[in-house]
Amino acid sequence: DQDSTCSVTVVGASGDLAKKKIFPALFALFYEGYLPKHFTIYGYARSKMTNEQLRDMISTTLTCRIDQRENCGQKQEDFLKRCFYHAGQYDSEDSFKELDAKLREQEGDRTANRVFYLSIPPNIFVDVARCSSRAASSSNGYTRVIVEKPFGRDLQSSGELSQGLAEHLSEDQIYRIDHYLGKELVENLSVLRFSNLIFEPLWSRQFIRNVQIIFSEDFGTEGRGGYFDNYGIIRDIMQNHLLQLLALLAMEPPVSLAAEDIRNEKVKALRSMKPIRLEDVVVGQYKEHTSKSGVSYPAYTDDKTVPSNSITPTFSCIAMFIDNARWDGVPFLMKAGKALNDKRAEIRIQFRHVPGNLYKNSFGTDLDKATNELVMRVQPDEAIYLKINNKVPGLGVRLDRSNLNLQYAERYKKKEFPDSYERLILDVINGDKRLFIRDDELAAAWKLFTPLLKELEEKQVAPELYPYGSRGPIGAHYLAAKYNVRWGDQS
Ligand code: BG6
């Protein structure tokens, strides 16, 4: 509606997330003309700062994508003029009342839509939800609140947080971000599956041998050790980002593309998962490594903010199973690690052997090398490729496995795609909940992981050490081998 106003208040405006992701994403949306005509941004934090100082701070974070270079400087100036600062306490209704007055002044008598982005530690989510909803809710438009993980450390603490928020906000108003859901390739998962005849009929235990969901980073937790040590890789990456990918891959076809239909199916998939057994889990932690050229990389425990005897995993690999008709017996393997040899996130679906394959002798004894594999590379270099068997051209019959390859950069002539925060913030403004986590979905995710996390902690399971920059602990291979799986990223 052209006549309404929209404000986004970034609570915790001087934090890392705000600087690295939120302001740049808002600017990119502004650049592309996606933001409503009457649009303002408020930075909210405790320290004293003028509008000018906030603008200076934001301006250092803004860049323009390659396709947004035209008029970049002018657009940045226009954008900064829409940014204002409000200093306030996080648990003070009065502070939010003052903000409300400033917002009202700008909104005039237009319909006022308000978004609050809680870019703050979760222990103050509820305070801010209380104060902002009592003192700074819109009186004639919507009021929406964005929150982001960590949503607690386990089922109980996450439940308490959900309950605390629910006292002040309706589920309708809460947008729980999992930024993996905003990635280009991830949104494409359901397109690939549900709009291509060659995939959906094969999408079950009958044709799929195993599914691999892989995340790796080639840097450690430097600078974030304090946060990380309280969570570990399972809570940081697996319980949320990777499990979301799994739910999208495994869910039954939703009735429609409506948010509730999709989320209903995701919750069902999560609730169908078998409890995770400790023997199906490998944990690792990176140790110091000196490269051949003499560069030395620190151990996780070298970080000053990490206790020297910490057993927090920086790597984990888990075999999971879904107890339903579609997936009975199919291993879903997740692997996530920091300080490994490369940076990537990808999904690999390995198909079964062709029954009675006429060409089996062309592959020697290793028939696993003759199966199809569908790879969706979420990052970097977005791509989807399918490994197929092909005759090597020439006389005689020799086969090899080649890729039918859809490389995004080449196909779509773009090197950069919108950051996931752009898509997600725009969805909040438009009220589209497809890519956000519903409360029962969050609970189902914690229900699955909490017993495992408790067991690991109670038994003080020591992580397998792996050198910084390596492929991770060897245990990941043994675990996969137990289910006749070979990691696709390492073959
Ligand atoms: C965050 C984790 O949620 O995701 C970080 O807390 C991790 O540890 C990051 O580095 C990875 O996100 P991306 O988009 O860079 O793959």
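Residue 367 in full-length UniProt numbering sits at position 250 of the sequence shown, with consecutive numbering throughout. Where is the CB? At the ideal position from N, CA and C, for every residue including glycine.
If I measure Cβ to Cβ from L359 and keep anything under 7 Å in the same chain, skipping five residues before and after, which residues do I get? I330, F332, M451, A453
Rounding to the nearest angstrom, what Cα-Cα distance links I241 and D208 in this structure? 8 Å
Best match in S256, K576, R555 for proximity to R221 [C-alpha to C-alpha]: S256
Give me whichever residues DSSP pairs with K138 in a beta bridge. Paired residues: none, contrary to the question.
Helix, strand or coil at M451 [DSSP, three-state]: strand
Same chain, Cβ closer than 7 Å to residue 64, neighbours up to 5 away in sequence not counted: Outside the displayed span of the chain (118 to 608) sits residue 64, for which this structure offers no information.
Between the segment 298-316 and the segment 439-450, do three or more beta carbon pairs fall short of 8 Å? no
What are the uninterrupted segments assigned as alpha helix (DSSP H) that are 4 or more residues long and contained completely in the segment 504-590, given in chain order? 525-528, 537-547, 556-575
Any heavy atom of ligand 1 closer than 7 Å to the Cβ of E334? yes
Taking 7 Å as the line, does the beta carbon of D445 fall inside it for any heavy atom of ligand 1? no
Host alpha helix (DSSP H) of S212 (start-end): 210-224
For M437, the first and last residue of its enclosing beta strand (DSSP E): 432-437
Considering just the uninterrupted stretch of the alpha helix (DSSP H) at Y348, what are its terminal residues? Per DSSP, Y348 belongs to no alpha helix (DSSP H) and is neither H nor E.
Thinking C-beta only, is F201 closer than 8 Å to A252? no
8 Å contact criterion, which G129 and S236 should meet: CB distance rounded: 4 Å
Range of the contiguous alpha helix (DSSP H) that encloses K599: 592-599
Option nearest A526 by Cα separation, candidates N520, F534, P141: F534
Just list the residues that DSSP pairs R493 with in beta bridges. Here residue 493 is Met; the residue named in the question, Arg, does not match the sequence. BP columns for M493 point to I464, I501.
What residues match up with N200 in a beta bridge as DSSP calls it? For clarity, residue 200 is Cys in the given sequence; the question names Asn instead. Per DSSP, I158.
I'd like to check one pair, G160 with V127: are the Cβ atoms closer than 8 Å? yes
In this structure, how does DSSP classify L475 when only helix, strand and coil are distinguished? coil
Is L302 closer than 8 Å to E499 when the C-beta atoms are compared? yes
Could you check what DSSP says for F480 in three-state terms: helix, strand or coil? helix
With a threshold of 16 other CB atoms inside 10 Å of the CB of I580, please say whether the residue is buried or exposed. For the record, residue 580 in the displayed sequence is Pro; it is not Ile. Label assigned to P580: buried.
Cutoff 6 Å; reference F566; Cβ partners in own chain excluding five residues on either side: Q356
With hydrogens ignored, establish whether the beta-carbon of Y542 is closer than 7 Å to any heavy atom of ligand 1. What sits at residue 542 in the sequence shown is Ile, not Tyr. No, since every heavy atom of ligand 1 falls outside the 7 Å radius drawn around the Cβ of I542.
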